[in-house]
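Just so you know, the protein sequences line up as chains C and F, in that order.
Residue 70 in this note's numbering sits at position 70 of the first sequence, and the numbers go up by one each step.
Residue 85 in this note's numbering sits at position 85 of the second sequence, and the numbers go up by one each step.
Please read the structure below before turning to the comments.
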Amino acid sequence: EAAVTQSPRNKVAVTGGKVTLSCNQTNNHNNMYWYRQDTGHGLRLIHYSYGAGSTEKGDIPDGYKASRPSQENFSLILELATPSQTSVYFCASGDATSQNTLYFGAGTRLSVL
Amino acid sequence: QQKVQQSPESLTVSEGAMASLNCTFSDRSSDNFRWYRQHSGKGLEVLVSIFSDGEKEEGSFTAHLNRASLHVFLHIREPQPSDSALYLCAVRGNYNQGKLIFGQGTKLSIKP
Chain C
1 EAAVTQSPRN
11 KVAVTGGKVT
21 LSCNQTNNHN
31 NMYWYRQDTG
41 HGLRLIHYSY
51 GAGSTEKGDI
61 PDGYKASRPS
71 QENFSLILEL
81 ATPSQTSVYF
91 CASGDATSQN
101 TLYFGAGTRL
111 SVL
Chain F
1 QQKVQQSPES
11 LTVSEGAMAS
21 LNCTFSDRSS
31 DNFRWYRQHS
41 GKGLEVLVSI
51 FSDGEKEEGS
61 FTAHLNRASL
71 HVFLHIREPQ
81 PSDSALYLCA
91 VRGNYNQGKL
101 IFGQGTKLSI
111 KP
């Protein structure tokens, strides 16, 4: 089964601070995704990547940047964190080899005070 | 823009009784449907994937797709208290560059 690891699992940040959420996958999937989950909204796509060096905007990219330095690693960066970015963030990977099934990490709970 | 809606928002059923969850979508050309389960504080695990009209069974989970009516259902046979979780429907269509769109989820509680 696909293994996707997120770090940290919990993070408290101050408004205006920089936050980096990391994701590592060991299944050689080309595509990786960052979602946030909020009550009443389900999962919403922030950024995604088709491979090393590629990043694409999802449905709610404002206030977020992404970095895919390698096949295995995909980071989500909040340059100036705001309280509205308090949420649970999920990373996922998947591609045609998994019939486009997405495999998710355990999530990062971020609180911006 | 693909819209994916789930109903009901929450559902309580007794242990061993069938649980049925509904997901409606807006893009009839959608070709890729998945049901995920999320236990409290955990990540998402895929339960069943379905790509054509009809039924697909995976263990105690059966997905039923009817694209003409824009519905995909999840039936859970003889649920146990450990099946209490948030259930999420995900749909891929030709809009949104083929990305998966998630519903907001149904919170299922199984009473012993």
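Just so it is clear, CB atoms sit at the ideal spot from N, CA and C, and this is done for glycine as well.
Would the beta-carbon of residue i fall within 9 Å of that of residue j?
{"i": "residue 100/F", "j": "residue 45/C", "result": "yes"}
{"i": "residue 78/C", "j": "residue 19/C", "result": "yes"}
{"i": "residue 44/F", "j": "residue 102/C", "result": "yes"}
{"i": "residue 21/F", "j": "residue 102/F", "result": "no"}
{"i": "residue 85/C", "j": "residue 58/C", "result": "no"}
{"i": "residue 116/C", "j": "residue 106/C", "result": "With chain C covering 1 to 113 only, the question about residue 116/C has no answer from this structure."}
{"i": "residue 109/F", "j": "residue 10/F", "result": "yes"}
{"i": "residue 24/F", "j": "residue 111/F", "result": "no"}
{"i": "residue 97/C", "j": "residue 28/C", "result": "yes"}
In terms of alpha-carbon separation, which member of the options lies closest to residue i?
{"i": "residue 61/C", "options": "8/C, 47/C and 7/C", "result": "47/C"}
{"i": "residue 67/F", "options": "13/F, 105/F, 30/F and 16/F", "result": "30/F"}
{"i": "residue 42/C", "options": "53/F, 11/F, 76/F and 86/F", "result": "86/F"}
{"i": "residue 49/F", "options": "2/F, 22/F, 6/F and 91/F", "result": "91/F"}
{"i": "residue 80/C", "options": "8/C, 14/C and 56/C", "result": "14/C"}
{"i": "residue 73/C", "options": "17/C, 32/C, 16/C and 111/C", "result": "32/C"}
{"i": "residue 87/C", "options": "4/C, 10/C, 6/C and 29/C", "result": "10/C"}
{"i": "residue 3/F", "options": "111/F, 104/F, 19/F and 14/F", "result": "104/F"}
{"i": "residue 65/C", "options": "113/C, 7/C and 21/C", "result": "21/C"}
{"i": "residue 71/C", "options": "113/C, 23/C, 17/C and 30/C", "result": "30/C"}
{"i": "residue 114/F", "options": "39/C, 89/C, 23/C and 108/C", "result": "Because residue 114/F is not part of the residues shown, which for chain F are 1 to 112, the question remains open."}
{"i": "residue 52/F", "options": "84/F, 41/F, 42/F and 65/F", "result": "65/F"}
{"i": "residue 18/F", "options": "41/F, 27/F, 83/F and 40/F", "result": "83/F"}
{"i": "residue 1/F", "options": "14/F, 41/F, 28/F and 15/F", "result": "28/F"}
Pull up the DSSP beta-bridge partners for residue i, would you.
{"i": "residue 57/C", "result": "47/C"}
{"i": "residue 93/C", "result": "32/C and 103/C"}
{"i": "residue 33/F", "result": "50/F and 91/F"}
{"i": "residue 10/C", "result": "109/C"}
{"i": "residue 57/F", "result": "62/F"}
{"i": "residue 73/C", "result": "24/C"}
{"i": "residue 75/F", "result": "20/F and 62/F"}
{"i": "residue 111/F", "result": "14/F"}
{"i": "residue 85/C", "result": "Paired residues: none, contrary to the question."}
Self-check item: Near-chain F residues of the region 76 to 90 of chain C - C-beta to any C-beta below 8 Å
Solution: 90
Quiz prompt | Segment contact flag, the region 48 to 56 of chain C with the region 32 to 41 of chain F, C-beta cutoff 8 Å, min 3 pairs | solution = no
Quiz item: Looking at C-beta atoms only, is the number of pairs between the region 54 to 62 of chain F and the region 74 to 83 of chain F that lie closer than 8 Å three or more?
Solution: yes
Exercise. Could you name the residues of the region 51 to 75 of chain F whose beta carbon sits closer than 7 Å to any beta carbon of chain C, in the order they occur along the chain?
Key: none
Quiz prompt | Interfacial residues, the region 24 to 49 of chain F to chain C, with Cβ spacing under 7 Å | solution = 32, 34, 42, 43, 44, 46 and 49
Practice problem: Scan the region 91 to 102 of chain C for residues whose Cβ lies nearer than 7 Å to a Cβ of chain F and list them as they occur along the chain. | Solution: 99, 100, 101 and 102
Quiz item: Between the region 8 to 38 of chain C and chain F, which residues of the former have a C-beta closer than 9 Å to a C-beta of the latter?
Solution: 33, 35 and 37
Practice problem: Pull out every residue of the region 49 to 67 of chain C whose Cβ sits closer than 9 Å to any Cβ of chain F, in chain order. | Solution: 56, 58 and 59
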